[in-house]
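Presented below is the structure to which this report refers.
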Amino acid sequence: MLVDDLTPEWAVVLAERQKMYVALMDEARRAGAPAGDTAFAESYVRFVEHVKAGRLGGVRVSGVRG
Numbered sequence: 563m564l565v566d567d568l569t570p571e572w573a574v575v576l577a578e579r580q581k582m583y584v585a586l587m588d589e590a591r592r593a594g595a596p597a598g599d600t601a602f603a604e605s606y607v608r609f610v611e612h613v614k615a616g617r618l619g620g621v622r623v624s625g626v627r628g
């Protein structure tokens, strides 16, 4: 069985995704549309912080049966 820690890569991906969410929310506000779920946005910030700090992470587990 192989286990790969993907936390560093995911920290980068999630931080970029967070920037995208902020930009989309700002764009919606400027257009006069609902900006989305602020509770989600706030919790996503905490989520990204936890991944960057190594308190949460991601792994890929692969193996061969038998």
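Just so you know, the sequence shown maps onto residues 563 to 628 in my numbering. Here a beta-carbon is modelled for each residue, glycine too, at the ideal position from N, C-alpha and C.
- Assigned with DSSP and collapsed to three states, LEU586 falls in helix.
- Beta-bridge analysis with DSSP links ARG622 to ASP566.
- A Cβ-Cβ separation of about 6 Å places ALA577 in contact with VAL610 under the 8 Å criterion.
- Look at ALA603 here: in three-state DSSP terms it is helix.
- Rounded to whole angstroms, the separation of the alpha carbons of ALA597 and ARG591 is 5 Å.
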